[in-house]
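For reference, the structure is listed below as structure tokens.
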């Protein structure tokens, strides 16, 4: 999976079949700025994330808005470059990133959701990503994404060379229920990522139009609509498989 040209957006749904170099037939359907691509065997070929640069959505312009020093440690889905770009509005590669570790916590699944929370544990260890250089608008976008379920909390993380660094995390405010299962980024990317991209492309389109609290009330509806689009894409993939020459 990769980030496509952030200047491009396709508004109308389109269907495409392409033949890969390895002989696989891949098809994708564009939905609200995200191309879901599947191969004929049923696995994902790619998920291309595109961003809207015009319209009513507010987007940060690095170097134009005021900046406040903010170093964030990401432990969940925002470690993924595609989702990061969708939420923040610019590629992860445009910011300074370093691997880091947070001790004394464990990463657990949220009940009924595909993202994690951190819970205290004396022997816990959470590997994640330390990111610097956010603008004020990007921080606003991130708080909109996190909603009132998460709030900034200061922590000390350790870099690969052992250096301790002060940072902030988005910690659960207590509204989310621990499912009691560990959460792994690689497993999420392999199973939940395409659907999550659809969820949050639709959710982030509400940024600038309503408050975070108002958008949070729309979350079940946003998820349901995105899930229907995801199911349609899968159905079209099965249709393409049946039509493929044997």
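Residue numbers (this note's numbering): 180 to 425. Beta carbons: idealized from backbone N, C-alpha and C, even for Gly. Nothing here was measured: the structure is a model prediction, and the numbers come from that model.
Item to check | residue 254 versus 298, 319, 317, residue with shortest Cα-Cα distance | outcome: Taking the first residue of the chain shown as position 1, residue 254 is located at position 75. Of the candidates 298, 319, 317, the one whose C-alpha sits nearest the C-alpha of residue 254 is 298.
Item to check | Cβ shell of residue 326 (< 6 Å), same chain only, five flanking positions each side left out | outcome: Translated into positions along the chain shown, residue 326 becomes position 147. Result list for residue 326: 391, 395, in chain order.
Item to check | Contact under 8 Å by Cβ, residue 423 with residue 362 | outcome: Locating residue 423 in the chain shown gives position 244, where the first residue counts as 1. Locating residue 362 in the chain shown gives position 183, where the first residue counts as 1. No.
Next on the checklist: Can you look up residue 363 in the DSSP assignment and give me helix, strand or coil?
Outcome noted: One-based indexing of the chain shown puts residue 363 at position 184. Judged by DSSP in its simplified three-state form, residue 363 adopts coil rather than helix or strand.
Checklist entry - Would residue 134 pass as a contact of residue 252 if the rule is Cβ separation under 8 Å? => result This structure leaves residue 134 out entirely; the chain is present only between 180 and 425.
Checklist entry - Going by other Cβ atoms of all chains shown within 10 Å of its Cβ, with 16 needed for buried, is residue 341 buried or exposed? => result Working through the chain shown from its first residue, we reach residue 341 at position 162. By the 10 Å Cβ count, residue 341 comes out exposed.
Checklist entry - Can you tell me whether DSSP reads residue 293 as helix, strand or coil? => result Taking the chain shown and counting its residues from 1, the one referred to as residue 293 is at position 114. It is coil, neither helix nor strand.
Checklist entry - Buried or exposed: residue 375, going by 16 or more other Cβ atoms within 10 Å of its Cβ? => result For the purposes of this step, residue 375 is taken as residue 196 along the chain shown, with counting starting at 1. Label assigned to residue 375: buried.
Checklist entry - By Cβ distance, which residues of its chain are closer than 6 Å to residue 364, with the 5 residues on each side in sequence left out? => result Your numbering for residue 364 matches position 185 in the chain shown. Correct list, in chain order: 258.
Checklist entry - If we count Cβ pairs, one from each stretch, closer than 8 Å, do we get three or more for the stretch 349-359 versus the stretch 316-336? => result In the pairwise beta carbon analysis, the stretch 349-359 is classified as touching the stretch 316-336: at least three pairs are separated by under 8 Å.
Checklist entry - Just curious, the beta strand (DSSP E) that residue 380 is in, first and last residue? => result If you number the chain shown from 1, residue 380 lands on position 201. Where residue 380 is concerned, there is no enclosing beta strand (DSSP E), although the alpha helix (DSSP H) it sits in stretches over 372-383.
Checklist entry - If we ignore side chains and look at the alpha-carbon of each, how far apart do residue 412 and residue 289 end up? => result Within the chain shown, residue 412 is the residue found at index 233, counting from 1. Within the chain shown, residue 289 is the residue found at index 110, counting from 1. Whole-angstrom Cα-Cα distance: 26 Å.
Item to check | Length of the line joining the Cα atoms of residue 241 and residue 336 | outcome: Position 62 of the chain shown, counted from the start, is the residue given in the question as residue 241. Position 157 of the chain shown, counted from the start, is the residue given in the question as residue 336. With a pLDDT of only 38 at residue 241, under 50, the local geometry of the prediction cannot be trusted, and no value is derived from it.
Next on the checklist: Whole angstroms are fine: how far does the CA of residue 293 sit from the CA of residue 403?
Outcome noted: For the purposes of this step, residue 403 is identified with residue 224 of the chain shown, where counting begins at 1. For the purposes of this step, residue 293 is identified with residue 114 of the chain shown, where counting begins at 1. In a straight line, the C-alpha of residue 403 is about 14 Å away from that of residue 293.
Checklist entry - Do residue 320 and residue 268 have their CB atoms nearer than 8 Å? => result Mapped onto the chain shown, residue 320 falls at position 141. Mapped onto the chain shown, residue 268 falls at position 89. It is a contact, given that the beta carbons lie within the stated cut-off.
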